[in-house]
Amino acid sequence: MKLRHESTTRQEEKKTPFNRKLFQMQTYEVRVHHSRSYEDPISVKKGDRVFLSGEMDDWDGHIWLWAKARDGRQGWLPSAYFEQWTDWQSCDFSMNTLELTCQIGSVLTATEEKFGWLLCHSGQGDINQDEKGWVPKRCLTLLGQ
Numbered sequence: 211m212k213l214r215h216e217s218t219t220r221q222e223e224k225k226t227p228f229n230r231k232l233f234q235m236q237t238y239e240v241r242v243h244h245s246r247s248y249e250d251p252i253s254v255k256k257g258d259r260v261f262l263s264g265e266m267d268d269w270d271g272h273i274w275l276w277a278k279a280r281d282g283r284q285g286w287l288p289s290a291y292f293e294q295w296t297d298w299q300s301c302d303f304s305m306n307t308l309e310l311t312c313q314i315g316s317v318l319t320a321t322e323e324k325f326g327w328l329l330c331h332s333g334q335g336d337i338n339q340d341e342k343g344w345v346p347k348r349c350l351t352l353l354g355q
């Protein structure tokens, strides 16, 4: 069974492969506290197979699907990555869904944006050494604007 949700947002996501816009590193301040939802969330690599339960969530205009990896880890994955939204599906993308817990007033560096989330690095040092994870864009304010 193919499920479809052709919102304007989804149509725009299809135009830009994997919602990858050209993104320059930007600095944000946390304006709303965000806590990590899961300690060991799903992480997939291109070629992995995941089971999509059929459970969906419309989060800030983006449809997310509940998925279970073969290693047992579960979590939400963007529907834009899948043609069918149920049963076992192959991933043609890689994604680590680990979220970053952050406090109001913290300054973060964002290196990527996907489906209403920013991949952020904590601290002011080398971004390769800092803790990183996804933070909802709605929790952050862009600095310098």
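So the sequence shown is residues 211 to 355, counted in our numbering. Glycine included, C-beta positions come from ideal geometry on N, C-alpha and C.
*Inter-residue spacing [alpha-carbon to alpha-carbon] between T319 and G354*: 13 Å
_Assess contact between the segment 278-298 and the segment 254-264, defined as three or more Cβ pairs (one per stretch) separated by less than 8 Å. Is contact present?_
yes
*Please report the residue range of the beta strand (DSSP E) in which H272 lies.*
272-279
_Just to confirm my understanding: we take L328, look at its own chain, exclude 5 residues before and 5 after, and list those with CB closer than 6 Å. What are they?_
A320, V345, K347
*Leaving aside the five residues before and after G343 along the sequence, list all residues of the same chain whose C-beta is less than 6 Å from its C-beta, in chain order.*
L308, E309, L310
*asked:* For K256 and D270, what's the separation of their Cα atoms in angstroms?
replied: 26 Å
*So, using beta-carbon positions, are C301 and H244 closer together than 8 Å?*
no
*Following the continuous beta strand (DSSP E) through K324, name the residue where it begins and the one where it ends.*
317-324
*Look at the alpha carbon of W274 and the alpha carbon of P251, and state the distance between them as a whole number of angstroms.*
14 Å
*Would a C-beta distance cut-off of 8 Å place F233 and E293 closer than the cut-off?*
no
*asked:* Pull the bridge partners of V240 from the DSSP assignment, please.
replied: L350
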